[in-house]
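Below: one structure, written as structure tokens.
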Amino acid sequence: MARTENSVTFLRSDYQESAFSIKSVKLDIALNPAKTIVVNRMMVSKKLVGVNSTLVLNGQEQELVSVRINDEPYRGYELTPETLTLHDLPDEFELSITSTCAPDKNTSLMGLYISNGNFFTQCEAEGFRKITYFLDRPDVMATYQVTLRALKTDFPVLLSNGNLIKEEELGNGWHAAVWEDPFPKPSYLFALVAGKLTAIERVIKSQSGKDKLLQVWVEAKDLEKTEHAMESLIASIRWDEKRYGLELDLDRFMIVAVGDFNMGAMENKGLNIFNTKFVLANPETATDVDYANVESVVAHEYFHNWTGNRVTCRDWFQLSLKEGLTVFRDQEFSADQMGSDSGKAVKRIEDVRLLRQVQFPEDAGPMAHPIRPDSYQEINNFYTVTVYEKGAEIVRMQQTLLGQDGFRKGMDLYFKRHDGQAVTCDDFVAAMADANHKDLEQFKRWYSQAGTPRVHVKESFDGNTYQVHFTQSCAATPGQDKKLPFHIPLLYKLIGTDQVGQENLFELRDEKQTLTFKGLSKKPTLSINRHFSAPIILDFEQSEEELLTLLREDDDAFNRWESAQKLFIQAILNNRDLDPALIEALRSVLNDEKLDAAFKDLVFTLPAESYLYEQVDVIDPQLIHQSRRKVRSQLALNLQGEWLKTYQKNSSTESYKADAISAGKRSLKNLSLNMLLDSQHEASQKLALEQYQSANNMTDRYGALSAMVQNASGYAKECLDHFHQYFESDALVIDKWFGLQASRQPELNNPSSVLAHVIQLRQHPDFHIKNPNRARSLIHAFCMNNPGAFHQPDGKSYQFWAQQVVELNEINPQVAARLARALNRWKQFSPSYQNHMKSALKFVSEHKNLSSDVAEVINKALNS
Ligand code: B3K
Ligand code: ZN
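Just so we're aligned, residue 2 is where the sequence shown starts under the numbering used here, counting upward by one.
Below is the structure:
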């Protein structure tokens, strides 16, 4: 631990086992919004008997009432705002602590808080210390018995982890419920929920024939939106049984939806708490994307029951042990739900797009960190795309190196060795290596080195011998100037050669390596890093002709898509018109009957601006924005006839089905509508209005609305008004209404109109800054997902951003710290933008009372 003036840095190398263990916890919680009373009785023991150690418990934002040891009052403690220290302790004792907290004042949404009149908790990473004094660290695992007491009229439902043991009436209108979780768990997995809720239920038999009660708890008005979450849960349970032989271990598994939540969802043992956004879905109010997100988040949290809960992290530096692995598992699950091979490729492409759009910039910026960080100031800042999504890629590479069966052997050994333990990333890799007798020592550098490796590829051919020369490197990242070579699995295939190629695996380990093929009569086209087998930047100049060959012929759908992306990038960055040959190849893609609609849609989705920023030394955001829009308009105009045909072909009057094939058709249809509007096709305005009015599902209604708003259609305003009025009472749909307007592309003759509109919406009666979904739908959407509108040369948006960060900092540091990242890459921008960005960053850094969350992000950006 290192302290500077106003921050504390925690180091991975400082890890020390706790001198005490806590075997069991009995919590008695009398729930009252203004003053909740918590009595916490713990069985504590010293690990080294007879040694005189002090016990330092974590605790924040509580009023301490009393401390007792073995039922005797104990006064020899010291109390600070963050700790409770006890001295001269026996080897084994019962420690009983009574304290109070004020859930109705809690706007950080960590610990115990109120949302729409109901109680909820969020403990990961360090929220349990706001509920009671404890050794709040993941390697202290205890069994929990929880008694919840509350006024029955206001809080008829009382839930906690594990199994319901007892319910009783208490007089004065109060009632109680006792819950017991038989599995020892770290405090971050504790949860309680109390309030007016109702559930749908299903009983299923697990693989070994045991009955399991599944419940999805929501507010009564939302009950008809729970079916999809329940189906997703059952599908996840089946998938984990089949793919990994892992069963649900509790008799009861509950999902609860809450409207105020900092992130997506939380895997508390047996009592997963979800942002409503990732539970509630019906055809009228949720899009296909929402449906897919519900499915994958339900799966993700369920899979944590084994990867995270049964085997947990020794310390928070190991976060990717559970998060990278669980993201990998949910990605594989979602891919399997897609059915076809090209459906799987669609999922892969979507995952890679996210990685490149958000993780690559993070890995190149001031917050860059290895998937297993070495230090942090605020752990909440490390729930990042690097730990999650890059972490998943690093697990995926192990599967690529070991094969799916080898990977399964590794997983089996991991659970055999570590079930019930709190372990490290090294333990995971050791299980993979030992189960397969594979040396993964060099591979472990993926855990310790930050930055995206760059692999330069150069070919040579002499009429007979074909060679591919690889050179790998990795740019410096904060605290890591020099990097050692990575162990990089590259899947490849030679295309268009007389020796019809197989897909092979090449393991690049050295800084420079060469692959040689003899006896070829003509130079093949190389398809490399197939399926995106490694999360690298590939520096490989292939001719336009070769890229077109790959676009037409590659049997790896990922690389087919990738070749079109490369051609788009060249056109955008060089501000060049699209080559007619490319337009013809794309026309064939659009007309190809064999290709999935979802795949076609992705082929025409241009690289995100944030990814394009990574391709240049100095970012001129407006140049990139305009050039990207020009390429899009060329696609719209040159293929106008196809767009109309495609629109008609993919329209359907059937009732809504959420499966991947139907969803793909809808997305391609909506893309076509956008293209028709962009190209100002005469029929397009009416087509959009008709689709908006007659849609029987949200994907089509929102698709039409979005196309109208993005293309400044004359009908946009009236449809937006209608949309707001029609869905007024549905918070998640109103989030979409805000989000769409905040993401609107700027009008070319009035580029600052989006900011003006966002400032206006900020005053709208439905805008509630304390609700994270609503704050994100307007503020984060504008500052982080609308670069063309946000990055204006007058710098006004940056001032707006700074004010919002400062305001959110007081309310909810985690939501503020996310927003604070919007200017992380400021040093890459051209000087006129940089100056404005720097002033805005300084404005935030000089604000007093900055939370450690926001301070860490802003200071790292300013010092980069
Ligand atoms: N484990 C939680 C994330 C908790 C974030 C705390 N700031 C959700 C998930 O990854 O499943
Ligand atoms: Zn997770």
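Glycine included, every Cβ here is placed at the ideal spot set by N, Cα and C.
Just so you know, these numbers come straight off a predicted model, no measurement behind them.
For residue i, the nearest candidate out of the options (CA to CA)
i, options, result
"F888", "W307, E228 and F329", "For the chain, the structure presents residues 2 to 865; residue 888 sits outside this window and is missing."
"E64", "T81, T401, G77 and V50", "T81"
"A705", "N697, Y114 and Y693", "Y693"
"R349", "V458, S754, F533 and D182", "F533"
"P608", "I573, Q635 and L624", "I573"
"A659", "R150, A195, N294 and N41", "N294"
"T387", "E379, I372, M398 and Q399", "I372"
"W562", "N836, R130 and S528", "S528"
"Q123", "K131, S116 and G112", "G112"
"C475", "P536, V347, G520 and R418", "P536"
"I584", "L568, N310 and D597", "L568"
"Q793", "K243, F830 and N164", "F830"
"E168", "T84, H419, Q746 and R150", "R150"
"Q746", "A776, G128, F728 and N786", "N786"
"I395", "K445, N437 and D435", "K445"
"P766", "A743, D352 and H725", "H725"
"V298", "N273, R553 and I620", "N273"
"G260", "F156, V204 and F120", "F120"
"K849", "E811, S833 and Q815", "E811"
"W644", "V590, T654 and H781", "V590"
Closer than 8 Å: residue i CB and nearest the ligand ZN heavy atom
i, result
"T327", "yes"
"A407", "Here residue 407 is Gly; the residue named in the question, Ala, does not match the sequence. Incorrect: G407 has no Cβ contact closer than 8 Å to the ligand ZN."
"Y389", "yes"
"K323", "yes"
"E296", "no"
"H848", "no"
"E302", "yes"
Residue i Cβ short of 8 Å to the ligand B3K heavy atom set
i, result
"N381", "yes"
"M264", "yes"
"E268", "yes"
"G309", "yes"
"Y114", "no"
"Y377", "no"
"H305", "yes"
"E546", "no"
"Q319", "no"
"A477", "no"
"Q123", "yes"
"Q332", "no"
"Y384", "yes"
"Q815", "yes"
"A126", "yes"
Where the alpha helix (DSSP H) containing residue i begins and where it ends
i, result
"D413", "G392 to H419"
"A200", "A200 -> not in any alpha helix (DSSP H); beta strand (DSSP E) instead, spanning T199 to K206."
"N850", "No alpha helix (DSSP H) contains N850, which DSSP labels as neither H nor E."
"E504", "First-last for E504: undefined, no H or E at that position."
"K27", "No alpha helix (DSSP H) contains K27, which is instead part of the beta strand (DSSP E) from F21 to A31."
"C720", "A717 to Y727"
"C784", "A782 to N786"
"N437", "C426 to N437"
Rounded distance between the beta-carbons of residue j and residue i, thought under 8 Å
i, j, result
"I256", "V217", "5 Å"
"R315", "P74", "About 35 Å separates the two Cβ atoms, so there is no contact after all."
"F318", "P374", "6 Å"
"L28", "V147", "5 Å"
"S744", "D679", "The Cβ separation is near 16 Å, so there is no contact."
"Q468", "T517", "5 Å"
"L636", "F605", "6 Å"
"Q686", "G715", "7 Å"
"E324", "Y389", "5 Å"
"Y292", "A282", "5 Å"
Continuous beta strand (DSSP E) stretch holding residue i: start and end
i, result
"L863", "Careful: L863 lies outside any beta strand (DSSP E), inside the alpha helix (DSSP H) at S853 to L863."
"D182", "W175 to P187"
"N59", "L56 to N59"
"S474", "Y467 to S474"
"V257", "R253 to V259"
"M44", "T37 to K47"
"S97", "E93 to C102"
Closer than 8 Å: residue i CB and nearest the ligand NAD heavy atom
i, result
"S798", "Because the ligand NAD does not appear in the structure shown, any question about it cannot be addressed here, the ligands present being the ligand B3K and the ligand ZN."
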